[in-house]
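Residue numbering for the sequence shown follows the numbering used here, starting at 31 and increasing by one per position.
In what follows, a structure is listed as structure tokens, so that the remarks can point back to it.
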Amino acid sequence: MDGWACDQFPIYDHFRKFDENTVLGLMDNKDMNDPYFFILKRENITE
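Laid out in structure tokens, this is it:
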């Protein structure tokens, strides 16, 4: 295998804890005009 796709297009991810169930994320690379913001929320799973 000649390297990973992410080696050719490095992406920088930044995460900040918002509260116990939420994380704010930011994805950026040198080819993007603007960063991409996203929110990750914990899913409550009961069995």
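A virtual CB, placed ideally from N, CA and C, is assigned to each residue, including glycine.
_Tell me the DSSP secondary structure of PHE48 in three-state form._
strand
*Classify ILE75 as buried or exposed, calling it buried when 16 or more other Cβ atoms lie within 10 Å of its own Cβ.*
By the neighbour-count definition (other C-beta atoms within 10 Å, threshold 16), ILE75 is an exposed residue.
*For MET57, count neighbouring Cβ atoms within 10 angstroms of its own Cβ and tell me buried if that reaches 16, exposed if not.*
exposed
*Nearest to PHE68 by alpha carbon, out of ASP49, TYR42, GLU50 and GLY55?*
GLY55
*Measuring CB to CB, does PRO40 end up less than 9 Å from ASN59?*
yes
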